[in-house]
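Which chain is which? The protein sequence lines are A and B, in order. If you read the first sequence in the numbering used here, its first letter stands for residue 1, the second for the next number, and so on. If you read the second sequence in the numbering used here, its first letter stands for residue 1, the second for the next number, and so on. For glycine and all other residues, C-beta sits at the position ideal for the given N, C-alpha and C.
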Amino acid sequence: MTELFGIPLPALLGQLLLGLVNGSFYATLSLGLAVIFGLLNVINFAHGALYMMGAMLAWIGLTYFGLNYWVMLVVAPLVVGAFGIVLEKLLLRHLYKLDHLYGLLLTFGLTLLIEGLFRSFYGVSGLQYSVPDQLQGATNLGFMILPNYRAWVVLASLVVCFGTWYVIERTRLGALLRAGTENPRLTQAFGVNVPLMVTLTYGFGVALAGFAGVLAAPVLQVQPLMGSNLIIVVFAVVVIGGMGSILGSIVTGLGLGVIEGFSRVFYPEASATVVFVIMAIVLLLRPAGLFGKEK
Amino acid sequence: MKLEQKLSRIMTAFAACALALGASTASAQKLSDDKIVIGFITDMSSLYSDIDGAGGVEAIKMAIADMEKQFAGKKIELIYADHQNKADIASSKVREWIDQAGADVIIGGTNSATALASAKVAAEKKRPYIQIGAATSRLTNEDCTPYTVHYAYDTIALANGTGAAVVKAGGKSWFFLTADYAFGHSLEKDTADVVKANGGTVVGAVRHPLSASDFSSFLLQAQSSKAQILGLANAGGDTINSIKAANEFGITKNMKLAGLLMFINDIHSLGLKTTQGMYLTDAWYWNQSPEARAWGRRFFEKMKRMPSFIQAADYSAVTQYLMAVKAAGTDDADAVMAQLKKQKINDFFAKGGVIRADGRMVHDMYLMQVKKPEESKEPWDYFNVVQTIPGDQAYLPLAQSRCPLVKK
Chain A
1 MTELFGIPLP
11 ALLGQLLLGL
21 VNGSFYATLS
31 LGLAVIFGLL
41 NVINFAHGAL
51 YMMGAMLAWI
61 GLTYFGLNYW
71 VMLVVAPLVV
81 GAFGIVLEKL
91 LLRHLYKLDH
101 LYGLLLTFGL
111 TLLIEGLFRS
121 FYGVSGLQYS
131 VPDQLQGATN
141 LGFMILPNYR
151 AWVVLASLVV
161 CFGTWYVIER
171 TRLGALLRAG
181 TENPRLTQAF
191 GVNVPLMVTL
201 TYGFGVALAG
211 FAGVLAAPVL
221 QVQPLMGSNL
231 IIVVFAVVVI
241 GGMGSILGSI
251 VTGLGLGVIE
261 GFSRVFYPEA
271 SATVVFVIMA
281 IVLLLRPAGL
291 FGKEK
Chain B
1 MKLEQKLSRI
11 MTAFAACALA
21 LGASTASAQK
31 LSDDKIVIGF
41 ITDMSSLYSD
51 IDGAGGVEAI
61 KMAIADMEKQ
71 FAGKKIELIY
81 ADHQNKADIA
91 SSKVREWIDQ
101 AGADVIIGGT
111 NSATALASAK
121 VAAEKKRPYI
131 QIGAATSRLT
141 NEDCTPYTVH
151 YAYDTIALAN
161 GTGAAVVKAG
171 GKSWFFLTAD
181 YAFGHSLEKD
191 TADVVKANGG
201 TVVGAVRHPL
211 SASDFSSFLL
221 QAQSSKAQIL
231 GLANAGGDTI
241 NSIKAANEFG
251 ITKNMKLAGL
261 LMFINDIHSL
271 GLKTTQGMYL
281 TDAWYWNQSP
291 EARAWGRRFF
301 EKMKRMPSFI
311 QAADYSAVTQ
321 YLMAVKAAGT
331 DDADAVMAQL
341 KKQKINDFFA
351 KGGVIRADGR
361 MVHDMYLMQV
371 KKPEESKEPW
381 DYFNVVQTIP
391 GDQAYLPLAQ
401 SRCPLVKK
């Protein structure tokens with residue numbers, strides 16, 4: 001059998017694929033953060049809590065309303081998005097003129113509130129949510145057995161991520177959004193409703209978190225603290241990719257997923273820290289991130 | 001985080017001051033301050049809060065309510081706090097309670113690191129420390145104290161239960177998936193020893209970080225080891241996520257999973273379909289006897305879920321402590337400790353339990369197998385008790401204890 005660094009090649013291929021699966025969660029989450037930071041200049045710490053909300057909503061939909069996975073894959077992001085819009089209208093918008101730190105503090109506080117509420121209702125042991133029937137089972141790829149659900153996760157996230165990138169970078173709507181970020185006053189002078197655009201952008205960004213939450217529900221423990229473990233890594237992804245860079249967050253998310261996957265084979269003890277080591281190196285060499293522009 | 005901690009410290013300091021003020025007027029008879037103050041510190045908000053937490057508080061309140069009539073005219077107070085799984089918070093809170101709130105006994109909840117830190121403080125201040133939720137066997141070995149009682153279970157008992165049973169059932173070769181911190185390491189080591197002693201082999205292990213985001217990579221490594229048994233030397237969310245992924249990747253077709261520390265709450269959140277046939281060792285199960293059932297249902301009325309063995313042990317330990325105070329006629333720490341080590345523990349939690357010189361409460365443990373979905377008659381009816389492991393076989397023999405208090 002062919003080997004690389006003492007690990008059989010098929011095993012490495014397997015790990016590469018698993019890395020991509022995890023990377024697609026990072027990509028979807030960091031994309032939402034990047035969109036929000038890019039257009040609102042808000043560091044949205046509540047992203048993890050909203051991701052958790054997506055997963056919890058999937059469970060609530062199934063348990064109380066009999067709505068299956070596919071319905072909730074659409075409904076949960078909409079609900080999370082609507083909730084985000086309310087947050088933006090009521091709270092966040094008063095902070096745009098202030099330092100980033102205020103947005104961070106507010107969203108951190110919101111995280112504690114949201115997690116606390118869900119915790120007092122549902123506890124922390126987690127709720128049952130199984131893989132939808134259509135995606136049960138696994139496919140033998142020769143070098144590994146890939147569960148069908150994981151393949152779906154990669155596919156769904158890639159479509160959503162590149163769809164978002166396309167809309168923002170290649171369409172007229174995206175052009176308006178970008179113009180609104182560059183120079184809100186001038187854009188408004190052209191008759192564009194910038195505040196509405198900002199609200200909707202925040203709604204969309206957090207809807208992405210909700211979407212990732214539903215994707216995660218069948219494979220991870222669905223519980224109120226599930227977002228707080230992930231959010232720090234996702235922040236690191238955004239920093240490495242370059243704050244606010246759309247493509248950067250997608251590519252970095254996938255790339256770091258793969259690197260993390262390999263570290264789990266070669267030195268598993270470091271797999272939780274490897275992302276932060278890379279972050280430190282990137283910040284030293286390119287302070288604006290891999291895809292960021294120096295301002 | 002920092003700010004949050006500071007605030008909560010200030011708040012608890014206030015609360016403790018208020019308590020101390022209220023306490024200072026009472027005259028000292030046989031009970032210090034004319035009342036018994038029980039301090040309970042555990043994880044109230046994070047990953048271990050379902051197996052103990054608010055349910056543990058409720059169990060202790062039930063114990064106090066049941067014992068109160070035997071202390072006519074005296075008050076039994078409960079104070080409790082969240083240690084947030086941080087050893088420094090646990091030890092400073094315990095110190096504060098003993099110094100300022102007049103705590104007569106400390107009941108320790110989940111998390112081994114907080115338990116080791118609290119036990120030290122309690123010993124220095126000479127107060128009984130009854131530890132329930134933490135697993136580390138160090139509490140009654142190298143870190144034992146004259147005031148520590150380790151009440152419900154430890155890593156050695158878990159290993160002796162599941163490890164031995166699985167090897168005897170034909171699971172000879174093992175691979176460990178281990179949480180990379182003190183608890184995981186000691187559970188892996190204790191289990192590996194038992195596996196080898198019973199004629200099994202350990203073919204490898206992979207260490208994952210605490211609260212790992214994904215287990216599929218680790219599981220593929222386990223699968224390529226070709227071992228028969230995958231020993232899960234982790235707990236809580238990590239165990240749940242490993243089992244979920246093992247099912248998804250079809251690992252369970254070739255390997256059997258052995259959860260080395262699992263609670264009924266974990267089974268509840270995974271469902272019987274995913275967990276059926278798994279072996280696990282617990283100190284108690286609500287459906288194991290009529291008495292246990294009666295208490296389990298009482299608890300269910302209050303909490304809307306069945307108790308974990310830790311919550312049952314919370315009740316039992318506080319009851320035993322109060323009985324010891326009653327028998328000794330004082331809440332003086334040394335007198336109560338002597339009485340505790342003298343009395344036999346017979347209640348719905350333990351039969352013929354004894355507290356040894358090293359602080360270990362020795363009682364029977366139970367090897368359970370998770371039921372098939374069709375065997376379960378009602379919600380929370382999850383286990384078949386396949387074997388009762390007598391206390392002297394489950395726990396480390398006193399002769400082998402590394403505790404200096406044991407006279408050899």
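Could you work out which residue in the options is closest to residue i when comparing CA atoms only?
i              : options                          : result
T181 (chain A) : A:C161, A:G38 and A:I231         : A:G38
G53 (chain B)  : B:A65, B:A81 and B:I76           : B:A81
K97 (chain A)  : A:I114, A:L40, A:I60 and A:T63   : A:L40
M255 (chain B) : B:D282, B:I89, B:I267 and B:Q221 : B:Q221
F121 (chain A) : A:Y202, A:G81 and A:L225         : A:L225
K168 (chain B) : B:L398, B:K86 and B:Q387         : B:Q387
L196 (chain A) : A:I85, A:A11, A:L67 and A:A58    : A:I85
S211 (chain B) : B:A227, B:L31, B:L177 and B:K253 : B:L177
So, at 8 Å on beta carbons, what are the nonlocal neighbours of residue i in its own chain, with the 5 sequence-adjacent residues on each side left out?
i              : result
G22 (chain B)  : Annotation note: pLDDT 40 at G22 (chain B) (below 50); position unreliable, no value reported.
S130 (chain A) : P218
M279 (chain A) : A236, V239 and I240
L13 (chain A)  : F143 and M144
For a quick check, are the C-beta atoms of residue i and residue j less than 8 Å apart?
i              : j              : result
A328 (chain B) : L405 (chain B) : no
Y366 (chain B) : L272 (chain B) : no
R293 (chain B) : W284 (chain B) : no
P146 (chain B) : A182 (chain B) : no
L260 (chain B) : L187 (chain B) : yes
F348 (chain B) : E291 (chain B) : yes
F249 (chain B) : I145 (chain A) : yes
A34 (chain A)  : S228 (chain A) : no
G81 (chain A)  : G163 (chain A) : no
C161 (chain A) : L31 (chain A)  : yes
D180 (chain B) : E269 (chain A) : yes
L303 (chain A) : L95 (chain A)  : Shown here, chain A extends from 1 to 295; a query on residue 303 (chain A) therefore has no answer.
Note the first and the last residue of the continuous beta strand (DSSP E) segment covering residue i.
i              : result
W174 (chain B) : S173 to A179
A288 (chain A) : No beta strand (DSSP E) holds A288 (chain A); DSSP gives it neither H nor E.
T273 (chain A) : No beta strand (DSSP E) contains T273 (chain A), which DSSP labels as neither H nor E.
D410 (chain B) : With chain B running from 1 to 408 in the structure shown, residue 410 (chain B) is simply not present.
F40 (chain B)  : K35 to T42
V237 (chain A) : Careful: V237 (chain A) lies outside any beta strand (DSSP E), inside the alpha helix (DSSP H) at M226 to G241.
R207 (chain B) : T201 to H208
N140 (chain A) : A138 to N140
Apart from the five residues just before and just after residue i, which ones in its own chain have a Cβ nearer than 7 Å to its Cβ?
i              : result
A156 (chain A) : L215
A212 (chain A) : F25, T28, L29, Y51 and G54
V274 (chain A) : I259, E260 and S263
C144 (chain B) : D358, G359, C403 and L405
I156 (chain B) : S137, D190, Y395 and L396
Q400 (chain B) : none
V277 (chain A) : none
Leaving out five residues on either side along the sequence, give the residues of the same chain with a beta carbon under 6 Å from the beta carbon of residue i.
i              : result
A28 (chain B)  : Here the model assigns A28 (chain B) a pLDDT of 36, short of 50, so the residue's position is not dependable, and the following value carries that caveat. Excluding residues within five positions, none has a Cβ falling inside 6 Å.
I36 (chain B)  : I76, D104 and D331
R402 (chain B) : N141 and E142
V121 (chain B) : S91, V94 and R95
A312 (chain B) : W284 and F349
A192 (chain B) : V202
K341 (chain B) : I355
Quick one: is residue i near chain C, going by C-beta distance under 8 Å?
i              : result
K168 (chain B) : No chain C is present in this structure, whose protein chains are A and B.
So residue i is in the alpha helix (DSSP H); what residue range does that whole segment cover?
i              : result
V325 (chain B) : F309 to A328
V42 (chain A)  : V42 (chain A) -> no alpha helix (DSSP H), and no H or E assigned at all.
D334 (chain B) : A333 to K342
Q393 (chain B) : G391 to A394
N247 (chain B) : G236 to E248
I60 (chain B)  : G53 to M67
H185 (chain B) : A182 to A197
Q223 (chain B) : S216 to S224
Whether or not the region 202–218 of chain B and the region 231–249 of chain B are in contact is what I'm after, with contact meaning three or more pairs of Cβ atoms, one per stretch, closer than 8 Å; do they touch?
yes
Does the contact criterion of 3 or more C-beta pairs under 8 Å hold for the region 222–235 of chain B versus the region 113–120 of chain A?
no
Does the region 158–173 of chain B come close enough to the region 197–209 of chain B that 3 or more CB-CB pairs lie under 8 Å?
yes
Could you check whether the region 277–295 of chain A touches the region 185–205 of chain A, counting it as contact only if at least three pairs of C-beta atoms, one from each stretch, sit closer than 8 Å?
no
Counting Cβ pairs, one atom from each stretch, are 3 or more of them under 8 Å apart for the region 127–140 of chain B and the region 59–78 of chain B?
no
Would you call the region 265–282 of chain B and the region 169–186 of chain A touching, i.e. three or more CB-CB distances under 8 Å?
no
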